[in-house]
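Heads up, the thing below is written out as structure tokens.
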Amino acid sequence: MEKSKTLEKIVGKFSEAVIDLHSQLGYDTVIIAKSALLEVARFLKQDPELQYNYLMDLTAVDYWKRTPRFEMVYHFLSLKNKYRVRVKVPVGGAEPEVDSLTSLWPAANWYEREVYDMFGIKFKGHPDLRRILMYPEFEGHPLRKDYPIQKRQPRVGPK
Amino acid sequence: MEIDTKGNMQTGFFTSRIDKMIGWARKYSIFQYPFVTACCGMEYMATACAHYDIDRFGAGLPRFSPRQADVLFVVGTISQKLAPVLVNVYEQMCAPKWVVAFGVCTCTGGFYDDYATVRGIDHIIPVDIYIPGCPPRPETVLQGLMLLQEKIQNQRQEV
Amino acid sequence: MFLNIGPAHPAMHGVIQIHAELDGEIVRKADIEIGYLHRAFEKHCETGTYSQCFPYTDRLNYASPLINNFGFAAAVEKLMGLEIPERCNYIRIIMSEISRITDHLTCIGASAMELGAFSVFLYAIKAREWLYELIESVTGARLTVSYARIGGVKADLPEGFEERCQATLQKTREVLKEVDQLLTRNRIFYDRMCGVGIISADDAVDYGITGPFLRSTGIEYDVRKAFPYFLYERFAFDIPIGEHGDNYDRYLVRMEEMYQSIRIIEQALDTIPQGPTNVDSEGNVIDPDLMADLGKFGKTSGLLKNEVLIQPTLQGSEKRYHDRVRAKSKEAWLPPKEQVYSNIEALMNHFKIVMLGHGIRPPKGEAYVAVEGANGELGFYIVSDGTDRPWRVRCHPPCFPIMAALGKILVGDQVADIVPTFGSVNMIAGELDR
Ligand code: SF4
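Residue numbers (this note's numbering), protein chains in the order written: chain Z, 143 to 301; chain G, 2 to 160; chain V, 17 to 450.
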């Protein structure tokens with residue numbers, strides 16, 4: 143399989159951290175270890191050739207009953223090269239935690255709050271990690287697969 | 002004219018006429034407070050504008066302060082997070098007041114049967130007219146409005 | 017001083033709360049609270065089949081529901097490797113652009129109304145109403161259309177659509193001209209919009225902002241040009257860009273985009289090819305009429321890839337064929353509604369595609385597809401586990417990053433500027449909170 147320039151560069155530079163990579167459906171994807179996330183992201187952003195200046199999307203997927211249970215999914219876009227790459231980071235454990243990208247992209251701030259709200263994944267170094275879509279008194283994380291969709295919680299505030 | 006044993010007039014000729022007159026005056030001077038949250042707002046706009054012209058029914062002037070309004074149009078999904086706000090708005094309105102549930106989300110919750118949505122605003126505030134539809138067509142809204150007018154006309158008027 | 021605006025504030029569309037820290041009239045810090053319209057879109061998608069997600073996508077950006085529909089369909093098609101027919105592409109482009117116009121009209125009308133220009137609002141909604149009528153004639157609904165299907169669209173364009181569309185566009189153009197005359201050189205409007213709500217190009221990129229908001233800062237990024245989808249590469253259109261990144265530029269960009277959309281629709285109407293609008297059960301293009309004819313003569317073996325065994329007890333079909341619906345199969349095509357109601361083959365076919373437990377089964381994998389929504393890049397990220405329900409659907413909402421940046425944009429402006437700046441974001445709560 144022909145590797146794209148991005149994948150080649152990432153593999154070349156972070157060979158120990160890369161767990162897997164593929165270009166399924168024409169979309170370059172690398173799966174990297176949690177510890178290398180910040181470095182890889184910084185490299186993608188600052189490499190003069192790649193210039194992934196956009197953090198287009200940041201989300202998580204809950205693979206219930208699989209370890210590690212969660213997977214962070216980052217979509218980067220390079221405006222200059224008109225090229226996209228997807229970076230995935232498996233996260234697990236009882237208290238899933240991953241590095242925050244807020245120091246590189248302010249855009250990460252709200253996305254990470256959303257992921258925290260919906261999945262309960264914590265972000266190390268996030269300046270203001272609190273719920274964003276649900277109210278603060280809400281318990282649990284609704285997008286986790288073990289949260290039933292119809293489980294309502296009492297309304298709070300003036301009756 | 003009915004006079005009871007103590008000689009008091011109850012709903013006599015004069016008072017019932019007054020009732021009618023006040024009802025007539027009230028039904029044609031509806032000052033609505035649109036509590037617009039979601040997709041139904043688009044149809045609310047359509048109804049309020051030139052094509053369907055809600056002004057023909059004397060309900061053309063939205064008041065954006067609950068204190069000055071007498072009909073509360075609840076337009077769009079009400080989430081658990083927003084519910085206290087709605088109650089608050091309702092309580093600020095001065096009597097006599099009426100509530101119109103606009104769209105199926107406000108009537109029953111619609112197809113949003115989930116942890117975040119209130120299953121019909123009648124769980125939190127009393128409702129006078131339900132306008133179903135997702136979103137209701139402007140014609141339906143106008144019919145609902147006419148039903149509300151009928152209700153206003155025929156009810157006992159408190160002054 | 018702290019000022020709390022919303023959520024029950026008319027200019028906040030009922031669903032946004034801004035805690036502003038003021039110094040006199042100047043905003044020093046603004047904290048935006050969202051989530052008042054969270055309706056669990058992503059969770060709902062996980063509980064239904066792929067086809068059942070469409071009604072939910074309508075209600076994401078309800079000012080331009082068709083774009084959302086097509087975006088989701090495109091993502092699933094990508095996952096399944098389906099090529100949609102040419103005519104369908106054209107229809108999707110036409111309908112998307114009509115939606116874009118309705119969206120921009122709503123945005124400009126509403127934000128002008130918030131500044132007191134009520135007649136502009138009336139004019140804009142008048143034009144939007146014509147476009148809604150057009151949409152209704154094609155899709156059967158004004159707003160919540162669910163027009164897209166995986167591998168096609170619900171129905172072909174109706175008879176006489178072309179002429180009506182052209183006439184409507186002509187009328188819309190006149191309305192745009194009127195709006196232009198009322199607003200563009202209007203002193204009050206200009207003073208309130210110009211130089212207000214400025215964002216620099218670098219900031220916009222850092223916050224991940226796309227769409228008219230980004231283009232107003234001078235960066236020319238439009239998904240339709242950068243990553244052409246459907247068949248946008250065939251059409252000539254310009255991407256309007258601003259230079260200051262303020263409210264006024266955003267208004268100008270939106271105005272110009274509507275003209276460009278009209279231009280695209282007119283080109284598409286001129287060159288739209290004849291032919292089928294859907295793909296068949298193997299991903300081949302098939303004419304709806306042909307399918308019915310074959311069905312009437314009992315030649316359904318090629319159409320229905322799955323044999324169905326009826327048990328003597330009439331309990332229904334045997335479980336056996338469940339296995340035959342493989343993840344690799346490309347059966348996505350819904351037969352036309354008229355035929356579902358009139359012949360058994362089409363009914364069965366329909367049933368097999370929409371029922372829970374049967375349904376469309378994209379192969380295992382993931383796909384991210386972006387389309388240019390009215391507010392910017394609208395992305396759908398779908399993870400499939402090979403069953404008939406998506407494992408995860410993520411919608412990348414274009415106004416989410418803009419709202420994230422809003423707290424920063426407002427700082428330094430006056431309290432009264434919050435309203436026009438917020439109006440120019442064109443915040444659509446449905447897609448913001450999902
Ligand atoms: S009733 Fe339908 S259109 Fe109205 S707010 Fe609910 S989902 Fe939206």
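Glycine included, C-beta positions come from ideal geometry on N, C-alpha and C.
Classified as exposed, V/Leu-372 has fewer than 16 neighbouring CB atoms from the shown chains inside 10 Å of its CB. DSSP, read as helix, strand or coil, puts V/His-412 in strand.
Close to chain G, meaning a Cβ-Cβ distance shorter than 9 Å, are the following residues of the stretch 258–277 of chain Z: Leu-275, Met-276 and Tyr-277. Closer than 8 Å to some heavy atom of ligand 1: that does not describe the Cβ of V/Tyr-52. No Cβ of chain G is located within less than 9 Å of the beta carbon of V/Tyr-106. If you check the C-beta of G/Gly-134 against ligand 1, you find a heavy atom less than 8 Å away. Within the chosen limit of 8 Å, ligand 1 reaches the beta carbon of V/Arg-75 through at least one heavy atom.
Not a single C-beta of chain Z is nearer than 9 Å to the C-beta of V/His-35.
When Cβ-Cβ separations below 9 Å define contact, G/Ala-60 makes no contact with chain V. When beta bridges are read from the DSSP output, V/Asn-20 appears opposite V/His-35. Closest by C-alpha distance to Z/Ala-236, out of Z/Lys-264, Z/Val-229 and Z/Lys-222, is Z/Lys-264.
Residues of the stretch 49–79 of chain G with a C-beta less than 7 Å from any C-beta of chain V: Cys-50, Ala-51, His-52, Phe-65 and Thr-78, listed in chain order.
A distance below 7 Å between beta-carbons, with the five flanking residues on each side excluded, links V/Leu-173 to the following residues of its chain, in chain order: Ile-107 and Val-154. With a cutoff of 8 Å, G/Gly-77 counts as near ligand 1, since its C-beta is closer than that to a heavy atom of the ligand.
Z/Met-214: member of the beta strand (DSSP E) spanning 212–220, first to last residue. In the structure shown, V/Arg-103 adopts helical secondary structure according to DSSP, grouped into three states. At least one heavy atom of ligand 1 falls within 8 Å of the beta-carbon of G/Phe-112. In this structure, the beta-carbon distance from V/Glu-102 to V/Pro-244 does not fall below 9 Å. Taking 7 Å as the cut-off between beta carbons, the residues of the stretch 154–183 of chain Z near chain V are Gln-166, Leu-167 and Tyr-169, in sequence order.
Taking CB atoms only, V/Thr-63 has a neighbour in chain Z less than 9 Å away.
Between the alpha carbons of V/Leu-268 and Z/Val-233 lies a distance of about 45 Å.
As computed with DSSP, V/Ile-48 is found in a beta bridge with V/Ile-34. Taking a Cβ-Cβ cut-off of 7 Å, the neighbours of G/Pro-136 in chain V comprise Leu-159 and Thr-160, given in sequence order.
Beta-bridge pairing by DSSP links Z/Glu-239 to Z/Lys-264. Of all residues in the stretch 129–162 of chain V, only Phe-137, Leu-138, Ile-141, Lys-142, Arg-144, Glu-145, Tyr-148, Arg-158, Leu-159 and Thr-160 place a beta-carbon less than 8 Å from a beta-carbon of chain G. With a 10 Å radius around the Cβ and a threshold of 16 neighbouring Cβ atoms, V/Phe-134 comes out exposed.
For Z/Thr-201, the enclosing beta strand (DSSP E) covers residues 196–204. Chain Z places a beta carbon closer than 9 Å to that of G/Pro-85, counting this residue as a contact. Per DSSP, reduced to three states, the secondary structure at G/Phe-112 is coil, with no helix or strand assignment.
Counted as a single uninterrupted DSSP element, the beta strand (DSSP E) harbouring V/Ala-383 occupies residues 381–389.
When V/Arg-201, V/Val-136, V/Gly-40 and V/Glu-93 are compared, the shortest CA-CA separation from V/Pro-406 is found for V/Glu-93. For Z/Gln-292, there is no enclosing beta strand (DSSP E), as DSSP marks it with neither H nor E. Interface with chain Z (9 Å Cβ-Cβ cutoff): V/Leu-426 is excluded. The beta carbons of Z/Asp-241 and Z/Lys-266 sit closer together than 9 Å. Close to V/Arg-75, with beta-carbon spacing below 8 Å, are these residues of chain G in chain order: Ala-39 and Cys-40. Of the candidates G/Ile-132, G/Ile-126, G/Glu-92 and G/Gln-93, the residue whose Cα lies closest to the Cα of G/Cys-106 is G/Ile-132.
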